[in-house]
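Student:
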Amino acid sequence: MNDFIFPPEPTPGVAIAGSRSRFPVHRIYCVGRNYADHVREMGAEPERAPPIFFMKPADAVVANGAAVPYPSATANAHHEIELVVALGGGGRDIKASVALAHVFGYAAGNDLTRRDLQSAARERGQPWDTAKGFDASAPLAAIRPVVQGHVSRGRIWLKVNDVLRQESDIDQMLLDVPSIIAELSRFYELRAGDLIFTGTPAGIGALKVGDRVEGGVEGLETLRHTMAPPAGK
Ligand code: MN
1 MNDFIFPPEP TPGVAIAGSR SRFPVHRIYC VGRNYADHVR EMGAEPERAP
51 PIFFMKPADA VVANGAAVPY PSATANAHHE IELVVALGGG GRDIKASVAL
101 AHVFGYAAGN DLTRRDLQSA ARERGQPWDT AKGFDASAPL AAIRPVVQGH
151 VSRGRIWLKV NDVLRQESDI DQMLLDVPSI IAELSRFYEL RAGDLIFTGT
201 PAGIGALKVG DRVEGGVEGL ETLRHTMAPP AGK
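Be aware that the sequence shown starts at 1, since it is given in our numbering, and climbs by one per residue.
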């Protein structure tokens, strides 16, 4: 099996609370428009703009506490605090009634977004890839295994330089975690190692170099990262 022309990149990993083992990342799925107040702040109506799915590359994960380089090619990088679901199993056409059996654990993550590129893409009817799926776009705290319970409610919040920017409750999600897994599994064969960013509440906003970002979901490890100068500069 040692027939690769050069060594493959290592599998990206995420810390697991209370464990020395790490969670190997297979894919990163994301849900957009999953809180009504955020849909409205983006200028849409929740009834007419149902939740959508998009992806980030697996190696976009950034360990908790790291300095995240300000993304290239944007003048308007935004924070989006989100509940992240880590799958320990998968399949196709998973029923919502059994979907939670596939969850390994939960974490707090930041769906970093090039808002200017997203706005331009929306206007032109173009894909979101460069707005969402860029290098270091998925800072993530440690995953809390489900032995400590599932997450269906609880405060979700984010502060920048100690100022509260986002605050809501997980129970405000339009698609709950079982529904997200069921819906995603219609489009993709889900696998152990998949991460799902489940959408952000209202209060999104711009970040600048030097900012201290702190965010969390009640009961999970708090995510902390700074915004460093752009990579390679
Ligand atoms: Mn998001």
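Backbone N, C-alpha and C define an ideal beta-carbon position, used for all residues, glycine too.
Keep in mind that this is a model prediction, so the values were computed, not measured.
Anyone know if the C-beta pair for A108 and E221 falls short of 8 Å?
Tutor: Contact flag set, yes.
Student: Rounding to the nearest angstrom, what Cα-Cα distance links A36 and A49 in this structure?
Tutor: So the alpha carbons of these two residues sit roughly 10 Å apart.
Student: Just list the beta strand (DSSP E) runs in the stretch 86-169, keeping only unbroken ones of 3 residues or longer that don't cross its boundaries, in chain order.
Tutor: Complete beta strand (DSSP E) runs here, min 3: 103-110, 138-140, 155-160 and 163-169.
Student: Of all residues in the structure, which have a C-beta closer than 5 Å to any heavy atom of ligand 1, taken in chain order?
Tutor: Those residues, listed in chain order, are E80, D111 and T200.
Student: DSSP state of E189, grouped into three classes?
Tutor: Coil at E189, not helix or strand.
Student: Helix, strand or coil, according to DSSP, for V209 in the structure here?
Tutor: V209 falls in the coil class under three-state DSSP.
Student: Within this structure, are the beta carbons of R165 and H38 separated by less than 8 Å?
Tutor: No, the pair does not count as a contact, with Cβ atoms beyond the cut-off.
Student: For H225, name the three-state secondary structure that DSSP assigns.
Tutor: Strand.
Student: Once the 5 residues before and after G91 are set aside, which same chain residues still bring their CB inside 8 Å of it?
Tutor: H102, S185, E189 and L190, listed in sequence order.
Student: How big is the Cα-Cα spacing for A17 and F6?
Tutor: Distance between the alpha carbons of A17 and F6: 34 Å.
Student: I want to know whether the stretch 152-170 touches the stretch 202-210 - three or more CB-CB distances under 8 Å.
Tutor: Taking 8 Å as the limit for Cβ pairs, the verdict is that the stretch 202-210 does touch the stretch 152-170.
Student: Would Q148 be called buried (16 or more neighbouring beta carbons within 10 Å of its own) or exposed?
Tutor: Exposed, because fewer than 16 other Cβ atoms sit within 10 Å of the Cβ of Q148.
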